[in-house]
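Residue numbers (this note's numbering): 10 to 391.
Every residue gets a Cβ at the ideal spot worked out from N, C-alpha and C, and that includes glycine.
Written below as structure tokens is the structure these notes are about.
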């Protein structure tokens, strides 16, 4: 057995999750740059995920089945850590205590360079004892270093969430069938510019402004305690009308075709899941093709809603479940007629469904119909 294979970064149990995380980042970049690339990138991502699971299982299996490997890995890692810590203390003015730690330090270096396990374990014990007497502050510094490491990791996670990507859970059926209740989506927070939350301002655009057809997550201007997810239908300067659910922008009716008049979606509010019969349409907004739903007893039949003129710096949004969405037409739930979403309230653009705990799927029978929907994992949001 090569004596250092278990110290290689690829032998760390953290390596498979890190590798899969890198694969997810590459997938998100590819899908955002060219949405049709999901057709080939998604199967590759699943293959990478399966490979990482086998890789992780192999590492854990080896560590569990071969106790000596586990012992040697722990001993050599601890020896390398002690050599680094004690060497650092000596370099920072610990010469006065050099005599106390130099012999066990050299012993640890020699043992670490050798093939046998027992000398390494003995050297670790000797160096720990000598270091504890010579540098009693090392113990406190170890806890401090651990705390500092956790703080840095937390700060990095918060920075990523604030600036790059944020997860968002779909709480209602307003975006059915595009997004199912219980879907978890990744939100691209960089594409429209970095938002200053408390000021609700976007100082500068990074890629582009929100466009028609984008699915966005925003802080509801009618109720700042809640975040909503809807589709952008109108951009600044647009005049939007809805005639029997046909969207008309600047006098031009957007393409819409009936796909299935007897479609059934699974919906829920405060209680259990229920079947919701609807008519399934396919709509296009500036070439962005997506599904929309219309209730059988359409409450707006023969009614023209609007016209709504979208102000500068704001967008007009609607849910894909057109008769089950509290959107711009209805004041975003705040009453008082039409309400638009200012750019400064927009958190970002929905990219992909990274997890789905929705109707059906694995273990649904045990949890009242809610299960893991593997068919929706990393599905791009159209």
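Classification of residue i by the beta-carbon crowding that lies within 10 angstroms, buried from 16 upward
i	result
residue 259	exposed
residue 397	Lying before the first or after the last residue shown, residue 397 is absent from the chain, which here runs from 10 to 391.
residue 107	exposed
residue 185	buried
residue 95	buried
residue 215	exposed
residue 385	buried
residue 88	buried
residue 192	buried
residue 204	buried
residue 202	buried
residue 336	buried
residue 323	buried
residue 379	buried
residue 278	exposed
residue 127	exposed
residue 387	buried
residue 262	exposed
residue 85	buried
residue 11	Unreliable positioning characterises residue 11 in this predicted model, as indicated by a pLDDT of 49, which lies under 50. The coordinate reading is nonetheless provided below. Its Cβ having fewer than 16 others within 10 Å, residue 11 is exposed.
residue 234	exposed
residue 63	exposed
Cβ-Cβ separation, residue j to residue i (assumed contact under 8 Å), whole Å
i	j	result
residue 354	residue 367	Not really, about 27 Å apart at Cβ, beyond 8 Å.
residue 29	residue 67	Not quite, the Cβ-Cβ distance comes to about 15 Å (not below 8 Å), so this is no contact.
residue 299	residue 391	5 Å
residue 61	residue 25	4 Å
residue 389	residue 178	That pair is no contact at about 18 Å.
residue 321	residue 245	5 Å
residue 140	residue 110	6 Å
residue 79	residue 72	5 Å
residue 31	residue 54	At roughly 11 Å, the Cβ-Cβ gap does not stay under 8 Å, so residue 31 and residue 54 are not in contact.
residue 350	residue 227	5 Å
Beta-carbon proximity of residue i to residue j, cut-off 8 Å
i	j	result
residue 240	residue 319	no
residue 270	residue 341	no
residue 284	residue 304	no
residue 56	residue 36	no
residue 114	residue 134	no
residue 92	residue 131	no
residue 281	residue 273	no
residue 339	residue 211	no
residue 334	residue 189	no
residue 47	residue 40	yes
C-beta neighbour in chain B for residue i, strict 8 Å
i	result
residue 315	You won't find chain B in this structure, because it holds only one protein chain.
| task | Flag this pair as touching only if the stretch 190 to 209 and the stretch 356 to 368 have three or more C-beta atom pairs under 8 Å; answer yes or no. | result | Note that the stretch 190 to 209 touches the stretch 356 to 368; at least 3 beta-carbon pairs, one per stretch, sit closer than 8 Å.
| said: Could you check whether the stretch 251 to 265 touches the stretch 305 to 315, counting it as contact only if at least three pairs of C-beta atoms, one from each stretch, sit closer than 8 Å? | reply: Counting C-beta pairs with one atom in each stretch, the stretch 251 to 265 and the stretch 305 to 315 have three or more that are closer than 8 Å, which means they touch.
| query | Do the stretch 281 to 295 and the stretch 259 to 270 touch if we need at least three Cβ pairs shorter than 8 Å? | reply | Because the criterion of three Cβ pairs below 8 Å is met, the stretch 281 to 295 and the stretch 259 to 270 touch.
| query | In chain order, which continuous runs of the alpha helix (DSSP H) of length 4 or greater are located wholly inside the stretch 92 to 125? | reply | Here the runs fully enclosed are 107 to 122.
| request: Let me know the alpha helix (DSSP H) ranges lying completely inside the stretch 19 to 92, each 4 residues or longer, listed in chain order. | output: Here the runs fully enclosed are 24 to 42, 47 to 74.
| task | State whether the stretch 327 to 334 contacts the stretch 229 to 240, with contact taken as three or more CB pairs (one from each stretch) at a distance under 8 Å. | result | These segments touch.
| task | Count the CB pairs spanning the stretch 221 to 230 and the stretch 371 to 388 that are closer than 8 Å, and state whether there are at least three. | result | The stretch 221 to 230, when compared against the stretch 371 to 388, does not touch it at the 8 Å Cβ threshold.
| task | Kindly provide the ranges of any beta strand (DSSP E) runs that are 3 or more residues long and lie completely inside the stretch 199 to 258, ordered along the chain. | result | Runs found: 224 to 228, 236 to 243, 248 to 252, 255 to 258.
| query | Going along the chain, which unbroken runs of the beta strand (DSSP E) with 3 or more residues stay wholly within the stretch 287 to 368? | reply | Complete beta strand (DSSP E) runs here, min 3: 297 to 303, 313 to 318, 323 to 327, 355 to 368.
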